[in-house]
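Encoded as structure tokens, the structure appears first; notes follow it.
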Amino acid sequence: MTAASLNAEPNTEASVLEVENLETVFHTQDGMVHAVNGVSFELKPGELLGVVGESGSGKSVTMMSLLKLLASPPAEIRKGAVRFEGRDLLQIRDEEMRRIRGGRIGFIFQDPMTSLNPVFTVGYQIVEPLRLHMGLGKKAAEDRAVELLRLVGIPSARDRLSDYPHQFSGGMRQRVMIAIALACDPKVLIADEPTTALDVTIQAQILEIIRKLRQELGMAIVWITHDLGVVAGIADRVAVMYGGAIVEQAGVRELFANPQHPYTRSLLKTMPSVEPGARETLYSIPGQPPHLGEVPRTCPFGPRCDQAFEACQASNPALRSVGNGHLVACHWEAVDA
Amino acid sequence: MLDADPAPLVSARNLTKHFPILRGVIRRQVGVVKAVDGLSFDIARGETLGLVGESGCGKSTVGRAVLRLYDLTEGSLVFDGTEIGAMKAERLRDVRPRFQMIFQDPQACLNPRMTVGSIIAEPLVEHTSFSRADRQQRVRELLDAVGLNPNFANRYPHEFSGGQRQRIGVARALALEPDFIVCDEPIAALDVSIQAQVVNLLEELQEKLGLTYLFISHDLSMVRHIADRVAVMYLGKIVETGPVDALYDDPQHPYTRALLSAVPIPDPVVEATRSHIILEGDVPNPANPPQGCRFCTRCPQAKKRCFTEEPPPREIAPGHIAACHLIG
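Taken in sequence, the protein lines are chains A and B.
With this note's numbering applied, the first sequence corresponds to residues 133 to 469, in that order.
With this note's numbering applied, the second sequence corresponds to residues 446 to 773, in that order.
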């Protein structure tokens, strides 16, 4: 079953990125951890796919796997394919991968302090990929760097090129990260919780920049977050992850209006709102996320699900289409329908 | 900022905490960071005061100053009728059991080499004359009260999940039956599905034990849920305070408006049509705050006066106070 065959979306454009049945494990002292268990998704040109889930649900590991950024050992990509520009990224040599990473595929991580090198100036760090990937000369690369810093809204951009990361605030550093990620006009941008470490007012600034840049540059984006509010504001499509697998995927309005998986519903219910409403007891999901010591044979959400029945203990439900581009991995509807 | 409540449990007037900036070999003082600069507020018995603001605005310093974990630079602090603002450490020891703190990172605030039982019992060893058996009994009660299995007392912190560790932190805070608890970002390190469990626990305990909370958080939606009154901080000052519904439904200060507008709403239909107030730039350096109104450098509506004159707090509606020249 491929991601393409499952997807009944009207958008029939060829995907820019196609991930198929990705499986990643970690070999640890306490045994194997099955972090990603058969994740498939595709990304259309210019689309923003939001990936939501709690810590340990496999969001970051999925993205690190497809960028081949995980150290091996302890990590091992056991299965799957990542199709990008007619090639399988998991099969190509490291050298080729390096040319794609930071070039055709850009990425932004959560903590801008640890992802910038403290001993090089910000200018050097933006110019580096431009010279490496695009073969620009010194002067041309610098001009482009200034242009990029302006694009992400950093004031007096030319002067700031010679500043070091510690001279920037958190929000400004994240802008620098975005500028580096955008430096080589990537077709795909992977953003892993890029606003989680920032204040809401700065988050609002960054989200505004991303909205604007998407229109201007037309790149496809994967945006990982645990904040459903952020997803509601910027995503076209949303994938919900739990226990190392995508358990539900749909267009953003469809997902919020018509959530099918009990986990998605619970997640939406746990969110308090700044909107006026009754101040009753908050809904909380009982229990703990699964420990992925082995590949889940039963539904990973089963033990916490208030609608679980016999089938949930018999097998792990596969993703299936419920129409309208909406995919869900749950036994419940299967019986209901 | 001044409530007419007959006997607030905590009452701060002109609460000020400045940190010196030291430079050079002889550590000469070259300036001060005005982390908390003249706050006045009351917290009534049994109520929850939410304290919100961006990182670096001084909210955590307020939490620590109120518990006298710092020596105050200036100001008065009255706890249950006793002035503790300038009280010496020796005498403070007698009052300390009555106020406690719950920390942000439950991983960092629990000693990994101590069992959960001894972590929770430590305040009892320090401040009571309980026998060993009494202490064990009390630990079991506390574990039960925070929804953990009392038989887990012999386990170590690493055997628990993040949410459970935060429960252990709560149990320790409750050990001496305090009246007042400062919760400093107690849920920031937890996953959404676990946050709700901890917040529900805090509310349940408040009802049962009549606790008073100062709830410090940057999560405005959670504060709306838990707080009775809210104070909004910006650069060491309170810019607006009021009953929770009044403040969220009818924010007066431009900063409060921008802050609330920046919180994403988990509804794509609403988000598509909602207009956001996007603030320019970052929070200024608290060592060198702007003249006049501290928000003037980022305020979309700033007038000439805002750059020279500091706005005094003004009461707009009963209990709803804002400090802005443009109001009234």
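Yeah, the Cβ is synthetic: ideal placement off N, Cα and C, and Gly gets one too.
Return the chain-ordered list of same chain residues with a C-beta closer than 8 Å to the C-beta of residue i, the five sequence neighbours on each side being excluded.
i                : result
Met482 (chain A) : The structure shown does not extend to residue 482 (chain A), since chain A is modelled only from 133 to 469, so the question has no answer here.
Glu386 (chain A) : Asn456, Gly457 and His458
Ala136 (chain A) : Low confidence applies to Ala136 (chain A): its pLDDT is 42, below 50, so where it sits in the model is not reliable, and the reading given next is rough at best. Cβ within range, chain order: Ser147, Glu150 and Glu174.
Arg210 (chain A) : Glu155, Thr156 and Val157
Any beta carbon from chain B within less than 8 Å of residue i's own beta carbon?
i                : result
Met403 (chain A) : yes
Gly178 (chain A) : no
Glu186 (chain A) : yes
Leu400 (chain A) : yes
Phe433 (chain A) : no
Phe441 (chain A) : no
Leu459 (chain A) : no
Arg385 (chain A) : yes
Glu340 (chain A) : yes
His265 (chain A) : no
Asp331 (chain A) : yes
Ala377 (chain A) : no
Ala273 (chain A) : no
Met113 (chain A) : Outside the displayed span of chain A (133 to 469) sits residue 113 (chain A), for which this structure offers no information.
Thr413 (chain A) : yes
Asn456 (chain A) : no
Ser192 (chain A) : no
Gln223 (chain A) : no
Val284 (chain A) : no
Val183 (chain A) : no
Asp291 (chain A) : no
Residue i CB to nearest chain A CB: under 8 Å?
i                : result
Ile816 (chain B) : The structure shown does not extend to residue 816 (chain B), since chain B is modelled only from 446 through 773, so no value can be given for it.
Val615 (chain B) : no
Ser505 (chain B) : no
Pro735 (chain B) : no
Ser606 (chain B) : yes
Asn596 (chain B) : no
Leu724 (chain B) : yes
Gln642 (chain B) : yes
Leu704 (chain B) : yes
Val684 (chain B) : no
Asn599 (chain B) : no
Using a Cβ-Cβ cutoff of less than 6 Å, which residues in the same chain neighbour residue i once the five nearest sequence positions on both sides are dropped?
i                : result
Tyr415 (chain A) : Lys401 and Thr402
Ala469 (chain A) : Low per-residue confidence applies at Ala469 (chain A): pLDDT is 44, beneath 50, and the placement is therefore not dependable, though the value from the model is reported in the following sentence. Result list for Ala469 (chain A): empty, nothing under 6 Å.
Phe433 (chain A) : Tyr374 and Tyr395
Arg585 (chain B) : Pro595
Val728 (chain B) : Glu499 and Gly501
Arg580 (chain B) : Ala566 and Leu569
Cys444 (chain A) : Cys431, Gly434 and His463
What distance in whole Å lies between the Cβ atoms of residue j and residue i, which are believed to be in contact at a cut-off of 8 Å?
i                : j                : result
Val627 (chain B) : Met532 (chain B) : Going by Cβ atoms, the distance from Val627 (chain B) to Met532 (chain B) rounds to 17 Å, so no, they are not a contact pair.
Ala620 (chain B) : Pro568 (chain B) : 5 Å
Ala382 (chain A) : Gly457 (chain A) : 6 Å
Thr507 (chain B) : Thr527 (chain B) : Before going further, note that residue 507 (chain B) is Val rather than Thr in the sequence given. At roughly 19 Å, the Cβ-Cβ gap does not stay under 8 Å, so Val507 (chain B) and Thr527 (chain B) are not in contact.
Ala778 (chain B) : Leu724 (chain B) : Coverage of chain B is limited to positions 446 through 773, which leaves residue 778 (chain B) absent and any answer about it impossible.
Pro734 (chain B) : Cys741 (chain B) : Between Cys741 (chain B) and Pro734 (chain B) the Cβ distance is about 10 Å, and since that is not below 8 Å, they are no contact.
Ala315 (chain A) : Pro250 (chain A) : Ala315 (chain A) to Pro250 (chain A), Cβ: 20 Å. No contact.
Ala732 (chain B) : Val477 (chain B) : 7 Å
Among residues of its own chain, excluding the 5 on either side of residue i, which ones have a beta-carbon nearer than 7 Å to its beta-carbon?
i                : result
Leu646 (chain B) : Val591, Gly592, Arg612 and Val615
Val668 (chain B) : Gly495, Val497, Phe660, Ser662 and Val675
Glu519 (chain B) : Asn459 and Thr461
His721 (chain B) : Ser706 and Ala707
Val427 (chain A) : His166 and Asn169
Leu587 (chain B) : Ile565, Ala616, Leu619 and Ala620
Would you list the one or two residues that DSSP bridges to residue i?
i                : result
Val477 (chain B) : B:Pro465
Tyr658 (chain B) : B:Thr493 and B:Ile626
Ser453 (chain A) : A:Leu459
Gln545 (chain B) : B:Ile626
Asp220 (chain A) : A:Arg215
Thr527 (chain B) : B:Phe524
Arg610 (chain B) : Arg610 (chain B) is not bridged to any residue.
List the residues of chain C that residue i touches, going by C-beta distances under 7 Å, in chain order.
i                : result
Gly365 (chain A) : Here chain C cannot be found, since the structure's protein chains are A and B.
message = For the region 524 to 539 of chain B against the region 710 to 723 of chain B, do three or more pairs of beta-carbon atoms, one drawn from each stretch, fall closer than 8 Å, so that the two count as touching?
response = no
query = Are three or more beta carbon pairs between the region 211 to 218 of chain A and the region 278 to 288 of chain A nearer than 8 Å?
reply = Result no; under three Cβ-Cβ pairs closer than 8 Å.
message = Would you call the region 756 to 772 of chain B in contact with the region 690 to 700 of chain B, where contact means no fewer than 3 C-beta pairs closer than 8 Å?
response = yes
inquiry  = Across the region 147 to 162 of chain A and the region 335 to 344 of chain A, are there enough close Cβ pairs to call them in contact, namely three or more that are closer than 8 Å?
reply    = no
query = Hey, is the region 499 to 519 of chain B in contact with the region 472 to 490 of chain B, meaning 3+ C-beta pairs nearer than 8 Å?
reply = yes
query = Counting pairs of beta carbons, one from the region 234 to 242 of chain A and one from the region 307 to 324 of chain A, are three or more of them closer than 8 Å?
reply = The answer is yes - the region 307 to 324 of chain A touches the region 234 to 242 of chain A, with three or more Cβ pairs under 8 Å.
query = For the region 354 to 368 of chain A against the region 259 to 271 of chain A, are there 3 or more C-beta pairs whose distance is under 8 Å?
reply = Short answer: they don't touch.
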